[in-house]
Structure formats: structure tokens, C-alpha cells
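Asks: The structure's right below; bear with me while I get my questions together.
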Ligand code: NAD
Ligand code: K
Ligand code: MN
């Protein structure tokens, strides 16, 4: 029997609601497995920790996570602390500290969920967005001079390195190659951003030569938002910079029905460090603490984690359980137009998994 050591970092807001729900679902899954189990360790870092210690996580916090098989994350963001402090002090510290340079965001329309694209069926929208997760617009390079004065100047430099772009491009081509359609769209803005984005385009051409069986095209980021709505079936795997993919993936989530169902994997493809799995949404200040959050994004993220751990069968089983609840409008949370609570959805998924166990027995 294999035991996976999982760190949970619920963080702030509804992260504190959906991560324990995901843990519950994983425990239900493990209960029906004779081959693997989990050992969870919870790290209560985030806004409350900041109020007490002046930092979002301990200085040596990464060391506590280093030996884990994976990290299940919630959200960083507190109504009373500036967002750049919460984000850089926790989520980005882990992503960058463990060089999780590939951020993978699958989107598809789950059964029973009606996205805003009414004419679009499950086969028409099935994307994976690959987000460069270590540099670009979120490099943290820049500064402010003459702060508060009329002559103030400020920069956020979008720094891209050849090595950084090559590795994410290669990751995206490889992922596209592994999917049935072998189709990749490289998002760019090299008409306006004439240095780093031009290098990005050149590297796409160069890396594409290693993947002759992948069909690929290039699209400007602004035009790609229209394409996502007008011809979603023309897209499959998508690769974009840190900022572009951040924006496109929230649009993708909304087109698939809700931000509350969308998952993310922050991956270190070389497996030097633990990878981190989280719903794409944030702390959701408007609904936090009320038990109203949709936990599906966290469950799907847990399924991505199982995939990463090599437990594909368990991942598929979890997604089946998730689809059984999305198919039932009585189990839709407020973001999907329903009245179900986090606990209802969680209990239904656990029940489905327990049912699958008794069928197998
Ligand atoms: P958000 O994702 O928290 O919320 C946007 C809207 O979507 C809100 O109306 C919210 O209620 C709704 N929503 C999101 N997830 C939901 C769910 N699971 N169920 C039901 N409804 C859901 O984005 P925001 O309002 O821009 O950000 C709030 C805070 O979260 C900020 O501090 C921001 O920096 C942080 N944030 C953190 C992360 C992260 O840690 N990865 C990601 C995004 C935002
Ligand atoms: K998140
Ligand atoms: Mn985002």
C-alpha cells in the first residue's frame, strides 16, 4: 500500500472551505482503494498568519513542503491586506520557490452545466491552457521612483528568458502531442510588444520542428478572446504568457459555466520539487465563510493531483463522481444558479465514491 504525503495550504477566504472539502473527497477515494492512501499535513498560512507574524508564511516554510509528494492549495487573498502582499508572500513564493513553471488549466463543459455559449456542446469546448508560470509579466522586476509625487514613474518589467520560453513551449507542444487532436495555438502579442514577444514567436517556430506531428498556429491575444467565443472548437491546447494565460483562463472558466469549477496544476515537470494543485478562483470575499463556495474546482484540482501522482484510475473515478453531481441541478451551488451548499456537493461526491466501492466489493 502506497502512502502519499500531501501538504494542504488552504490559505484565505473560501480556500479554507474548499480545501478541507477536497481532502474529505480524497479520503473517501482512499477508503475505497487497496493500493494507496494519504497522509495529510495542514499548513495554516495566509492572512491570519500575516496578522500574527507579519509574513504570509514562515521564512523556512518551503522546507516544510519540500519532502511532500504534492501540495493542495486554496487561495491567497484577504480583504484587509493588499493583494500584492498576499499573492507574493504565499502563492508565488511557493510557485517560484519550487520552479513550478508550467501552469496547466483544463477547461471543458461538464455534464449538466450550461455555459453562456448555448450552441456549444461538450465536444466543442475541450481546451487545456498552458500558462508560463515563472517569469514574463509576473517576474516581479520593476520599481517606483518619486513615489506620490507628480513626477512619479513606475515599471513592471515583463522579463522573458530564452531558457524560460523554450521550456514552456516544449512542455506545451508535448502536451498537445499527447492529446487526440494534436493541436496547439500559441498566443502572442508580438505586433505591439516587439522584443520579448518576438523572441517568444521565434522560439515557437524553433521548438515546433521537434514536433512535426503537432499542428499549430499563432494568434494575437486580443483576437484569441473573440475566437474562444466564436469558434471554440478550433482550439485545443493553448500556450500563453503568465499574464495572457491568467486572463484567458478566467474567460475559459466562465465559458465553461463558472470560475468555481475550474482547476489548475502548478507543475515542476522535472519533478525536482512538489507540484501544487489549486482551483483557479481566489478567496471570493463576497461569499466566504458562508459555506456557499462551489468545491468542484478544488475537486477537479485534486483529480489533476492524482493524475500527477500516477493514479490515473483514481483520477478518472473522482471525475466521474464530480460529473455525477454536476449533472444534478439540485447539487448546483449559487455560481451555477442553484442553492446547494459546499457540504451538500461534498457529501454527494463522497457518497458516489462509497457507492462505487460497494459495487466493486
Ligand atoms: P475570486 O475568484 O475570488 O472571485 C470572483 C467571483 O467569482 C466572485 O464573485 C466569487 O464569489 C466568484 N467565485 C469564485 N470562486 C467561486 C466558487 N468556488 N464558488 C462560487 N463562486 C465563486 O476573484 P477576485 O474577487 O478577483 O479575488 C479575490 C481575492 O482572491 C483577491 O485577494 C485576489 O488577489 C485573490 N486571488 C487569489 C488567487 C490564488 O490564490 N490563486 C487567484 C485569484 C484571486
Ligand atoms: K486559487
Ligand atoms: Mn488568475
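Numbering (the working numbering), first residue to last: 5 to 365.
C-beta atoms are modelled at their ideal positions from N, C-alpha and C, and glycine is treated no differently.
Using DSSP with H/G/I as helix, E/B as strand and the rest coil, what is residue 315?
Replies: Reduced to three states, the DSSP call for residue 315 is coil.
Asks: Got a sec, what are the start and stop residues for the beta strand (DSSP E) residue 53 sits in?
Replies: Counting along the chain, residue 53 falls outside any beta strand (DSSP E), though it belongs to the alpha helix (DSSP H) covering 51-57.
Asks: Extract the residue ranges of the beta strand (DSSP E) inside the region 196-277, only unbroken runs of 3 or more that lie entirely within it.
Replies: You should have 219-224, 241-244 and 267-271.
Asks: What are the start and end residues of each continuous alpha helix (DSSP H) run of 4 or more residues lying completely inside the region 55-107, in chain order?
Replies: Within the region 55-107, the complete alpha helix (DSSP H) runs of at least 4 residues are 65-70, 87-90 and 96-101.
Asks: Relative to the ligand NAD, what is the chain-ordered list of residues with a Cβ closer than 5 Å to any of its non-hydrogen atoms?
Replies: With the cut-off at 5 Å, the residues found are 79, 80, 81, 87, 95, 263, 264, 285, 286, 287, 288, 290, 291, 297, 298 and 339.
Asks: Since residue 269 and residue 260 are thought to touch, with beta carbons under 8 Å apart, how far apart are those beta carbons, to the nearest angstrom?
Replies: The pair is not a contact, with the Cβ atoms about 17 Å apart (cut-off 8 Å).
Asks: Does the ligand K have even one heavy atom less than 7 Å from the beta-carbon of residue 303?
Replies: Answer for residue 303: no, Cβ out of range of the ligand K.
Asks: Given this structure, state the Cα-to-Cα distance separating residue 237 from residue 231, to the nearest angstrom.
Replies: Their backbone Cα atoms lie some 9 Å apart in a straight line.
Asks: When the Cα of residue 283 is compared with those of 293, 298, 181 and 273, which residue comes out closest?
Replies: When each option's Cα is compared against that of residue 283, the closest is 298.
Asks: Along the chain, where does the alpha helix (DSSP H) that runs through residue 21 open and close?
Replies: Counting along the chain, the alpha helix (DSSP H) containing residue 21 begins and ends at 19-35.
Asks: Give the secondary structure of residue 167 by DSSP, where H, G and I count as helix, E and B as strand, and everything else as coil.
Replies: The answer is helix: DSSP assigns residue 167 an H, G or I state.
Asks: DSSP has residue 40 in a bridge; who is on the other side?
Replies: Looking at the DSSP assignment, residue 40 forms a beta bridge with 6.
Asks: Can you tell me whether residue 24 sits near the ligand K, meaning its C-beta is under 7 Å from at least one heavy atom of the ligand?
Replies: No, Cβ of residue 24 sits at least 7 Å from all heavy atoms of the ligand K.
Asks: Measure the Cβ-Cβ separation of residue 191 and residue 225 and say whether it is below 8 Å.
Replies: Yes. Within cutoff.
Asks: Could you check which residue in 187, 198, 65 and 355 has the C-alpha nearest to that of residue 102?
Replies: Nearest of 187, 198, 65 and 355 to residue 102, Cα basis: 65.
Asks: Residues in its own chain within less than 7 Å of residue 164 by CB, not counting five upstream and five downstream?
Replies: 139, 140, 200, 203 and 204, listed in sequence order.
Asks: Within the same chain, show all residues whose beta-carbon is closer than 6 Å to that of residue 245, passing over the 5 residues directly before and after it, in chain order.
Replies: Taken in chain order, the residues that qualify are 136 and 140.
Asks: In the structure shown, what three-state DSSP assignment does residue 188 receive?
Replies: Three-state DSSP puts residue 188 in a strand.
Asks: Taking contact to mean 3 or more Cβ pairs, one atom from each stretch, closer than 8 Å, check whether the region 331-339 and the region 287-303 are in contact.
Replies: Yes: the two stretches touch, three or more of their Cβ pairs being nearer than 8 Å.
Asks: Where residue 133 and residue 149 are concerned, what is the direct C-alpha to C-alpha distance, given to the nearest angstrom?
Replies: Each residue's Cα considered, the two are about 36 Å apart.
Asks: Tell me the DSSP bridge mates of residue 443?
Replies: Lying before the first or after the last residue shown, residue 443 is absent from the chain, which here runs from 5 to 365.
Asks: Say the cut is 7 Å; is the CB of residue 250 nearer than that to a heavy atom of the ligand MN?
Replies: Yes, the ligand MN has a heavy atom inside 7 Å of this Cβ.
Asks: At a cut-off of 7 Å, is residue 254 close to the ligand MN when judged by its beta-carbon and the heavy atoms of the ligand?
Replies: Yes; taking the cut-off as 7 Å, the Cβ of residue 254 has a heavy atom of the ligand MN nearer than that.
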